[in-house]
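Visitor:
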Amino acid sequence: MAEPVLEVSGLVKHYPLTRGILFRKQVGAVKAVDGVDFTLGRGETLGLVGESGCGKSTVARMLVSLERPTAGTIRYRGEDITRLSGKALKAVRRNIQMVFQDPYTSLNPRMTVGDIIGEPYEIHPEVAPKGDRRRKVQDLLDVVGLDPEYVNRYPHQFSGGQRQRIGIARALALRPEVIVADEPVSALDVSVQAQVINLLDRLQSEFELSCLFIAHDLSLVRHISDRVGVMYLGRIVEIGRDTEIYDHPTHPYTQALLSAVPVPDPEAREHRERIILAGDVPSPTNIPSGCRFRTRCWKAQERCALEVPALAVPEEFRRTTGPAAHDSACHFAEDVSIRRSAPEVVLPPEETREDHVNGSA
Amino acid sequence: MLLEVRDLHVEFRTRDGIARAVNGVTYGVDAGETLAVLGESGSGKSVTAQAVMGILDTPPGRITGGEILFQGRDLLKLKEEERRKVRGAEMAMIFQDALSSLNPVVCVGDQLGEMFVVHRGMGKKDARARAVELMDQVRIPGAKERVKDYPHQFSGGMRQRIMIAMAIALEPALIIADEPTTALDVTVQAQVMDLLAELQREYHMGLILITHDLGVVADVADRIAVMYAGRIVESAPVHDLYKAPAHPYTRGLLDSIPRLDQKGQELYAIKGLPPNLMHIPSGCAFHPRCPMARDVCRTDVPPPYEVSEDRASACHFWRECLDG
């Protein structure tokens, strides 16, 4: 892999749950992110997938210092940015920029497009001298495929896809090294999504950006990513190169997730075997012991309740060099084609089912 | 035919002008059949469904033409009182957002039971018992204990099951599901779609599935109608349409799905933006975005050309499109 730009290790974010008004005491915690490790190489795109509530957006917000981690480190070029403040933090933030999900709420409706894209220069005046800014903003508009004459328009005068282009231009203004894109196209119409994805892809190679791409659309993530991490309940359960994850998933959750994605091919309807998981994701306030996926897993055994599986290359694949030899946090990891791997409907063991009903209430 | 919509027109009068949301939609569903209505936001797919259900906001909405034949009767000619008897009992709707479609201050048992109290004149106790049966039927674990819970106490997937339970309560002949799984995660989406398909088979209902997801359509639908700017641009059996689309818009949508063998290449993108309903382009509404557009497309509205016996395309050049 290329030299790492970002190294994340042991990242944790817990939001305390308190009770009482005068005497606040902590009664629990929402464990949004609960121990995440990954590295992002220079010029690489890492895709992060997972269902809602798995903590992928919280990871994104910590990377751009919008949230402070409860524990863990985020190293940018070797320096732990979670400990920085003031000037040093400001300097780092310049290099890690974010594209938000919702282009309707992430642009200030009272500012013109020129002001929105130019605002980063107010905060980091060293990047562009005052007289130069307007030209720079117009260049950026041109780069993202908008008419440079639009600088004086307001966000409401643009469509969703155009607004997302404005958000991307703003993220690029400071020439960052890392872009964190949190569901950048999920609010857009299908016919417009492809346009924005192509733009992101082109800009990434043009500006040699490293990119963390978060989405729940698995085929989109595969298209744009070099490596893919799958998250479940605050942890990465499997991570590897795109073909390793999509063609040789070894974690049962990844297998279930991939098999549940509707395939736009009616011919596949009859042949496709799907793994349909029972129930919902447990609440992040009450995470199952051991492996957090065990309450919905058809392979779960006693060991899974007792021992937390580490995210590493599973033992049986450690000596092989095939595509199954990638990090997967499962005691019973197996490289099976997802078409034949499991029963159609998965019923977890009875007792865990009870917990789960309470958990989702 | 169970339901036939013929040349339906709906417009909305707004301060800025008239938005023509539906401009001559014709489709039909048989008992036991699943029709998918595919389109992007603003294509008129939901407005058509609301007109069929009789829940269109009027004003500002107005049905300016067409017929909605349900089991032989034209619903648009019925009085509101008669319509109300049809709604819920003979046709039912499942909405995208279950949390905002359920009453937050009434427990789910009462909301389900209300169907039986209002339409069947049942007593409260019997209605409650039927509510528990329904919750069992849509596989909500512990139905008996949970019947007194409120909507916010259920997860998203469970709430959507309650919506489905409410829709099938009176065993209607037709169900309209408007983006029923869009708000759900993939693993839960698969559960809910499976349940819906199973209940449909069991009761031999007609199902209109409104969606923008080509994957969901391929998984469950028999026929598909693709909408653009308030018109149906292509309608076909699902297998035929995916094999060879006969309209450039359908082709564009299918081509813009990321595929394995095209990784690293640019995705195909339909250029331009969906039209503004206040100013729908002349001729074929898709012509400003169409790679095949010629002069005739700017002037003449394409009628639904018959491609084969059960297939139609509203494109002057459907033959070329079909050949690729």
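Residue numbers (UniProt numbering), protein chains in the order written: chain A, 1 to 361; chain L, 1 to 324. Glycine included, each C-beta is placed from N, C-alpha and C at the ideal position. In this text, all values refer to a predicted model and were calculated from it rather than measured experimentally.
Please classify residue 15 of chain L: is it buried, with 16 or more other beta-carbons within 10 angstroms of its beta-carbon, or exposed?
Guide: Counting Cβ neighbours within 10 Å, residue 15 of chain L comes out exposed, since fewer than 16 surround it.
Visitor: Who are residue 96 of chain A's beta bridge partners in DSSP?
Guide: A/178
Visitor: Any contact between the segment 61–78 of chain A and the segment 150–169 of chain A? By contact I mean 3 or more CB pairs, one from each, below 8 Å.
Guide: Contact between the segment 61–78 of chain A and the segment 150–169 of chain A is absent, because fewer than three Cβ pairs lie under 8 Å.
Visitor: Any idea which residues DSSP pairs residue 240 of chain A with across the strands?
Guide: A/228
Visitor: Using only CA atoms, which one of L/225, L/161, L/187, L/245 lies nearest to residue 256 of chain A?
Guide: For residue 256 of chain A, the closest alpha carbon among the candidates L/225, L/161, L/187, L/245 is that of L/187.
Visitor: Check the Cβ-Cβ distances between residue 80 of chain A and every residue of chain L, and say whether any is below 8 Å.
Guide: No, because no Cβ of chain L sits closer than 8 Å to the Cβ of residue 80 of chain A.
Visitor: Considering only C-alpha positions, which residue in the set A/237, A/231, A/40, A/265 is nearest to residue 240 of chain L?
Guide: A/265
Visitor: At 4 residues or longer, what runs of the alpha helix (DSSP H) sit wholly inside the segment 160–207 of chain A?
Guide: Those alpha helix (DSSP H) runs which fall completely within the segment 160–207 of chain A and span 4+ residues are 160–172, 190–207.
Visitor: Under a Cβ-count criterion, where at least 16 other Cβ atoms within 10 Å of its own Cβ denotes burial, should residue 316 of chain L be classed as buried or exposed?
Guide: Taking a 10 Å sphere around the C-beta of residue 316 of chain L, we find 16 or more other C-beta atoms and assign the residue as buried.
Visitor: Less than 8 Å between the beta carbons of residue 242 of chain L and residue 255 of chain L, yes or no?
Guide: no
Visitor: State the DSSP-derived secondary structure class of residue 290 of chain L, mapped to helix, strand or coil.
Guide: Coil, per DSSP.
Visitor: Can you give me the start and stop residues for the beta strand (DSSP E) that residue 120 of chain A sits inside?
Guide: No beta strand (DSSP E) contains residue 120 of chain A, which is instead part of the alpha helix (DSSP H) from 113–123.
Visitor: State buried or exposed for residue 109 of chain A, treating a residue as buried only when at least 16 other CB atoms are found within 10 Å of its CB.
Guide: exposed
Visitor: Enumerated in chain order, which unbroken segments of the beta strand (DSSP E) with a length of 3 residues or greater are wholly contained in the segment 262–338 of chain A?
Guide: none
Visitor: In angstroms with no decimal places, state the Cα-to-Cα distance between residue 122 of chain A and residue 324 of chain A.
Guide: 49 Å
Visitor: Flag residue 239 of chain L as yes if its beta-carbon sits less than 8 Å from any beta-carbon of chain A, otherwise no.
Guide: yes
Visitor: If you draw a straight line from the alpha carbon of residue 32 of chain A to that of residue 234 of chain A, how long is it in whole angstroms?
Guide: Across the structure, residue 32 of chain A and residue 234 of chain A are spaced so that their CA atoms are roughly 5 Å apart.
Visitor: In whole angstroms, what separates the C-alpha of residue 339 of chain A from that of residue 268 of chain A?
Guide: In this prediction, residue 339 of chain A scores a pLDDT of 46, lower than 50, which makes its location untrustworthy; the coordinate-derived value is nonetheless stated afterwards. Taking the straight line joining both Cα atoms gives about 11 Å.
Visitor: Contact defined as beta carbons within less than 8 Å: I believe residue 184 of chain L pairs with residue 160 of chain L. What is the distance between those atoms, to the nearest angstrom?
Guide: 6 Å
Visitor: Using DSSP bridges, identify the partner residues of residue 26 of chain A.
Guide: Residue 26 of chain A pairs with A/18.
Visitor: Between residue 91 of chain A and the ligand NAP, is the CB less than 7 Å from at least one heavy atom?
Guide: As for the ligand NAP, it is missing from this structure, which has no ligand bound.
Visitor: Give me the subset of the segment 256–289 of chain L whose CB atoms are less than 7 Å from a CB atom of chain A, sorted by chain position.
Guide: 256, 257, 258, 263, 266, 267, 268, 269, 270, 273, 274
Visitor: Checking the sheet assignment: what are the DSSP bridge partners for residue 308 of chain L?
Guide: L/311
Visitor: Roughly how many angstroms lie between the CA atoms of residue 35 of chain A and residue 215 of chain L, to the nearest whole one?
Guide: The straight-line gap from Cα to Cα measures roughly 34 Å.
Visitor: Counting only runs that start and end within the segment 27–64 of chain L, where is the beta strand (DSSP E) found for 3 or more residues in a row?
Guide: 34–38
Visitor: Find the residues of chain L that neighbour residue 197 of chain A, judging by a C-beta separation of less than 7 Å, and give them in chain order.
Guide: Result: 267.
Visitor: Are the CB atoms of residue 178 of chain L and residue 116 of chain L nearer to each other than 8 Å?
Guide: no
Visitor: Since residue 218 of chain L meets chain A, which of its residues come closer than 8 Å, beta carbon to beta carbon?
Guide: 262, 263, 264, 265, 266, 268, 269
Visitor: Would you say the segment 15–29 of chain L touches the segment 41–58 of chain L, given that touching needs at least three Cβ pairs under 8 Å?
Guide: yes
Visitor: Any chance you could list the beta strand (DSSP E) runs of at least 3 consecutive residues sitting entirely within the segment 42–116 of chain A, in chain order?
Guide: 45–49, 71–76, 96–99
Visitor: Where does residue 5 of chain L fall in DSSP's three states?
Guide: strand
Visitor: Along the chain, where does the beta strand (DSSP E) that runs through residue 252 of chain A open and close?
Guide: From DSSP, residue 252 of chain A is part of no beta strand (DSSP E) but of the alpha helix (DSSP H) over 252–260.
Visitor: So residue 127 of chain L is in the beta strand (DSSP E); what residue range does that whole segment cover?
Guide: Element bounds for residue 127 of chain L: not the beta strand (DSSP E) but the alpha helix (DSSP H), 124–137.
Visitor: Select from the segment 22–47 of chain L all residues with a C-beta closer than 8 Å to any C-beta belonging to chain A, and list them in chain order.
Guide: 40, 41
Visitor: Between the segment 269–289 of chain A and chain L, which residues of the former have CB atoms less than 7 Å from a CB of the latter, in chain order?
Guide: 269, 274, 276, 277, 280
Visitor: Quick check on residue 155 of chain L - is its C-beta less than 8 Å from some C-beta in chain C?
Guide: Protein chains A and L are contained in the structure displayed, whereas chain C is not.
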